[in-house]
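Here is the structure we will look at.
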Amino acid sequence: MDSGRLPMDDLVSALQHGLQECTRHHDNKCQVTPIVERSPERITDWVIDCSEYCIVPGETVAKYAALSYVWNPPNTGNQTSAERMMLQRENLGKLRMSGYLHEVAESLPMVVRDSIDFVQRSSVRYLWVDCLCIIQHDETTSDGVKKMKGIYSGAYFTIIAAASSPRLYGSRTDTTRIINTKGVPDAGSLHGALLTSHWATRGWTFQEQLLSKRSFIFLDETEFWDCQGAIWLSKSLTNSQGGFNNINLVIEKEPTANRKLSQDLATVSMPNFRLYMELICRYNHRDLTYTQDALPAISGVLDTLTNSFSSGFISGLPADFFDLALLWQPFTTAKRRICSGKKQRSSPPLPSWSWVGWQCRIDPANLRKYSSCEVRSDNRYPVTPHWRRTWKLADWIGSTDEGDECKIRDDPGILEQYNGARDPIDYSTKTTYKAEQGTGYTFQGPETSRYSHESNPESVFHAPKIFGCQRYKAFLSCTTSTARFKIRRIIFPHKGVPAQRRRYRASLNISVLDTPFYQDEPDFDACCPVVILEDNEGRWAGLLKMMENDPNINVQQEVEVAAISQGSSSYINAALTYEERVDRMVSECYQRMEEEADRMDLGPSFLHDMDCRDYEMALPNKWKTEVYDFYNVLWIKERGGVMERKAIGRVRKHIWDESHKTEQTIRLG
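Using my numbering, read the sequence shown as starting at 159 and increasing by one per residue.
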């Protein structure tokens with residue numbers, strides 16, 4: 159492959175050809191709503207006129223491109239934020255003057271200058287760039303940020319500047335990572351190169367790509383077109399003569415997981431917890447200049463999901479699945495997000511009970527075990543049922559510093575996973591599950607106790623979900639029971655664990671696990687410590703997964719935990735969880751499995767270096783029919799008058815029921 163960069167004229171030609179072929183062949187799935195038909199909240203206040211080198215009102219243009227970039231690429235010597243030209247209330251009049259951007263060009267990032275030139279040559283003329291189209295450091299700044307969903311989803315196309323240089327264009331010094339065994343780039347390699355770029359480490363860029371219908375992407379190695387219908391190399395578009403059929407396409411049998419998420423997000427019409435889980439797992443480890451932007455930087459994606467999660471989101475957690483979503487766990491040790499910058503004092507605290515309050519990779523396998531209401535046809539376990547239920551236990555109330563309150567999801571419900579051949583224990587057809595008229599659900603009859611929805615008739619569900627904005631609530635309150643237990647053991651997985659056992663084996667088909675950040679993760683050096691609890695009689699009570707390393711906790715220390723929901727699962731399902739595996743690995747209890755199965759004192763077993771089927775076959779027969787009943791609990795610790803989440807886990811039901819409990823109202827922050 160030629161390592162030289164395409165000339166600007168050829169890149170412009172490639173863009174124009176991509177726009178032409180996409181419009182011709184992709185029906186309406188890549189098209190955007192005309193600006194004149196949009197509501198005011200979906201129209202940007204300002205865009206750059208790349209011909210007149212000034213800004214003009216967004217409502218006056220027919221179409222515009224958007225730029226997704228990183229403000230300061232590493233080691234580039236680019237301007238500081240103080241030196242960079244930004245739209246402010248004081249210079250608004252000057253920026254509206256024809257030619258003004260020419261005069262101040264040296265104070266613009268080079269990637270912005272290149273993008274203005276690129277768009278001007280493309281005949282699109284108008285470009286949206288955050289620093290020049292949202293008034294910065296002003297009371298209206300947040301209003302501009304709230305329009306991000308409409309800005310990127312409504313762009314004619316988006317320029318993604320993911321090259322490591324301060325310019326728009328890459329160096330093309332090495333193309334090996336995008337070339338497959340046949341010597342040509344493939345879609346997976348192109349997206350892989352994008353996801354491992356510095357651009358992909360930044361929080362805001364996540365939704366900028368997902369919300370865009372069509373993108374022209376600049377990497378170090380090459381440029382390529384990416385839309386809802388195809389991926390094309392820029393050189394293929396440039397060299398194409400004679401129409402679409404002669405374009406040397408990047409062939410893909412199935413859409414890459416990255417683009418499939420964008421397609422699913424654009425067409426979502428019913429609650430899809432799996433999609434939500436995939437999205438937050440791909441986002442939450444990213445970096446932000448201001449940590450308080452953790453929620454705004456994904457608000458456009460969550461706003462789109464409210465088309466189906468119609469009860470909205472509470473600080474990033476879906477209200478319709480609130481008890482389930484509270485059970486999220488970190489994939490590796492987490493870092494608490496503390497508000498920073500000039501707005502530190504005025505910004506509300508980030509809640510410890512939501513992933514928004516922590517920078518970390520979220521464990522997708524943990525949420526996946528809880529998340530499926532869908533009856534899957536690709537059953538891998540035809541004999542033994544794998545299921546998990548979660549029962550609502552508390553009535554949650556979200557609140558702000560100002561006292562604004564809302565009650566979260568009043569109706570009790572059971573959320574369950576079932577991948578087995580028969581119904582889990584006590585499950586039966588319930589007439590109360592009958593779908594209400596107008597919801598789109600169809601009851602398939604008492605012989606199946608299954609439901610389908612008109613928007614996706616191929617998917618079958620155990621029960622219809624009857625669904626009615628995003629809301630930020632820093633605090634979460636409920637009245638529940640708390641109890642105290644002692645720490646029996648603190649497990650740091652990397653200590654004393656042979657290297658060949660360090661890989662965490664993911665057993666679930668989740669696309670985020672195929673990304674570079676999850677494929678070989680977590681190395682146990684970065685794993686969360688696991689705390690084993692015992693009651694006053696010395697019995698194994700349960701376990702907790704810590705959010706971070708804490709040198710101040712000790713064996714026999716007493717901890718207070720609060721019950722947040724009740725759970726039940728097959729023992730096999732519980733045995734596959736991270737914390738149970740770690741407990742077993744360190745305890746070296748494999749030889750005593752039959753003895754433990756008889757007394758059921760130490761919880762489910764961990765078998766290292768086995769896939770799920772081997773693991774299931776090796777379990778004692780008694781464990782294959784046992785039900786594991788427990789309470790989901792939070793280890794809470796008071797700080798500044800509110801309780802913070804320190805760890806999450808579970809306590810066996812009969813241990814909890816026999817313990818000395820205190821009923822109290824807790825306020826989580």
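Beta carbons: idealized from backbone N, C-alpha and C, even for Gly.
This one's a predicted model, so the numbers in the text were calculated from it and none came from an experiment.
For Gly-725, the secondary structure class from DSSP, reduced to helix, strand or coil, is strand. For Trp-513, no alpha helix (DSSP H) run applies, since DSSP gives it neither H nor E.
Rounded to whole angstroms, the separation of the alpha carbons of Lys-819 and Lys-418 is 47 Å. The stretch 547-555 makes no contact with the stretch 517-524, as fewer than three CB pairs between them are under 8 Å.
Per DSSP, Lys-371 lies in no alpha helix (DSSP H) and is assigned neither H nor E. Rounded to whole angstroms, the gap between the alpha carbons of Glu-802 and Asp-288 is 35 Å. Just so you know, the alpha carbons of Tyr-310 and Glu-718 end up roughly 46 Å apart.
Between the alpha carbons of Glu-210 and Phe-479 lies a gap of roughly 50 Å. In terms of Cβ geometry, Leu-352 and Asp-272 do not form a close pair [threshold 8 Å].
In this chain, the beta strand (DSSP E) harbouring Asp-384 covers 381-385. Taking a contact to require three or more Cβ pairs closer than 8 Å, the stretch 633-646 and the stretch 686-695 qualify as touching. Comparing C-alpha distances from Asn-416 to each of Pro-429, Leu-433, Glu-217 and Leu-463 shows the shortest one belongs to Leu-433. Taking every protein chain shown into account, the CB of Arg-283 has 16 or more other CB atoms within 10 angstroms, so this residue is buried. Distance between Leu-377 and Gly-350, taken at the CA atoms: about 11 Å.
Ranked by how close their Cα comes to the Cα of Ile-496, the residues Ala-424, Glu-738, Thr-490 and Leu-508 have Leu-508 in first place.
Proximity of the stretch 720-734 to the stretch 699-708 falls short of the contact definition, fewer than three beta-carbon pairs being nearer than 8 Å. Apart from the 5 residues on each side of it in sequence, Leu-245 sits with its Cβ closer than 8 Å to the Cβ of Trp-204, Ile-213, Leu-253, Cys-289, Leu-290, Cys-291, Ile-292, Ile-293 and Gln-294 in its chain, given in chain order. In this structure, Gly-458 sits near Lys-307, with a CB-CB distance shorter than 8 Å.
Taking 8 Å as the cut-off, the beta carbon of Leu-173 is found no closer than this to the beta carbon of Ser-323. Taking C-beta separations shorter than 8 Å and ignoring five residues to either side along the sequence, the partners of Ile-794 in its chain run Thr-640, Glu-718, Val-719, Ala-720, Met-801, Glu-802, Arg-803, Lys-804, Ile-824 and Leu-826, following chain order.
Shown here, Gly-470 sits in coil according to DSSP, grouped into three states, outside any helix or strand. Between the alpha carbons of Val-303 and Pro-454 lies a gap of roughly 7 Å.
Counting along the chain, the unbroken beta strand (DSSP E) around Thr-820 starts and ends at 819-826. Distance from Lys-305 to Glu-217 at the Cβ level is roughly 12 Å; contact not present, criterion being Cβ atoms closer than 8 Å. Looking at the backbone, the Cα of Ser-226 and that of Glu-264 are separated by about 20 Å. Excluding its 5 nearest sequence neighbours in each direction, Cys-564 has C-beta neighbours in its own chain below 6 Å: Gly-556, listed in chain order. For Ala-699, there is no enclosing alpha helix (DSSP H); the residue is part of the beta strand (DSSP E) that begins and ends at 698-704. Taking 8 Å as the cut-off, the beta carbon of Lys-187 is found closer than this to the beta carbon of Gln-386. Restricting attention to beta strand (DSSP E) runs no shorter than 3 residues, the stretch 170-227 encloses them at 204-207, 212-215 and 223-226, ordered along the chain. Within the model, the alpha-carbon separation for Leu-395 versus His-175 is close to 6 Å.
With respect to the 8 Å criterion, Arg-642 and Glu-716 are classified as neighbours on the basis of their beta carbons. An exposed status is given to Met-255, since fewer than 16 other beta-carbon atoms sit within 10 Å of its beta-carbon. Looking from the CA of Gln-178, the closest CA among Trp-698, Arg-372, Glu-695 and Ala-345 belongs to Arg-372. Here Ile-456 is not near Trp-513, since their CB atoms are 8 Å or more apart. For Phe-633, the enclosing beta strand (DSSP E) covers residues 633-649.
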